[in-house]
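Student: Shown below is the structure under consideration.
There are 2 protein chains.
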Amino acid sequence: MTYNVQIKVMPLKDLLDPQGKAVLGGLLNLGLKGVEEVRIGKHITLQIDADSEDAAKQVAEEASKKLLANPVMEFYEIEMIN
Amino acid sequence: MTYNVQIKVMPLKDLLDPQGKAVLGGLLNLGLKGVEEVRIGKHITLQIDADSEDAAKQVAEEASKKLLANPVMEFYEIEMIN
Chain A
1 MTYNVQIKVM PLKDLLDPQG KAVLGGLLNL GLKGVEEVRI GKHITLQIDA DSEDAAKQVA
61 EEASKKLLAN PVMEFYEIEM IN
Chain B
101 MTYNVQIKVM PLKDLLDPQG KAVLGGLLNL GLKGVEEVRI GKHITLQIDA DSEDAAKQVA
161 EEASKKLLAN PVMEFYEIEM IN
């Protein structure tokens, strides 16, 4: 069966996020009020063909560890959609 | 009050996603089996100070339209977290 998996990869909370800072500046320049912090990461969707939801989740976990997220700077969260 | 808002910005479904294609190739090279499609977008979290949840959502909507998403190539989804 085909499973849809979402992976969110975000910069670690303790680290500066220069891209987010730049976007925050842009939003304030555009006149948007109230925005206090912006953090930007990646949103990845995978379509995985696997025997079970658990197997699909394990593939997503391995993909995140091996390629998608850099644990020195980022954390990831996996969510099954269906 | 401070509201946390998540915005997911993804390439439109009808468009090619070269970054996703490259990552798919990388995953297959690493020996991961079963991955059929990869799409990559942005995941943005905003901290917004506003009077109500609706007001915060409206700021997020405006930010998405004016700066965060390019409607020619991307769609966005806003979700309140709390």
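Residue numbers (the working numbering), protein chains in the order written: chain A, 1 to 82; chain B, 101 to 182.
Ideal Cβ placement from N, Cα and C applies to all residues, glycine included.
Compute the Euclidean distance between the alpha carbons of A:Glu61 and B:Asn170, then round it to the nearest angstrom.
Tutor: When rounded, the distance between both Cα atoms is 30 angstroms.
Student: Would you kindly work out how many angstroms separate the C-alpha atoms of B:Asn129 and B:Lys121, rounded to a whole number?
Tutor: If I take the Cα positions, the gap works out to 12 angstroms.
Student: At a CB-CB cut-off below 8 angstroms, which residues of chain A make contact with B:Asp154?
Tutor: Correct list: empty, because the minimum Cβ distance to chain A is about 13 angstroms.
Student: Examine chain B for any beta-carbon lying closer than 9 angstroms to the beta-carbon of A:Ala69, and answer yes or no.
Tutor: no
Student: In three-state terms, what does DSSP make of A:Leu46?
Tutor: strand
Student: Any idea which residues DSSP pairs A:Glu74 with across the strands?
Tutor: A:Pro11
Student: Output, in chain order, the set of chain A residues within a Cβ distance shorter than 7 angstroms of B:Leu127.
Tutor: Ala63 and Leu67
Student: Whose C-alpha, out of A:Ala55, A:Gly41 and A:Ile40, is nearest the C-alpha of A:Gln47?
Tutor: A:Ala55
Student: Reducing DSSP to helix, strand and coil, say where B:Asn129 ends up.
Tutor: helix
Student: Taking 8 angstroms as the threshold, find out whether the region 7-23 of chain A comes into contact with the region 66-80 of chain A through three or more Cβ pairs.
Tutor: yes
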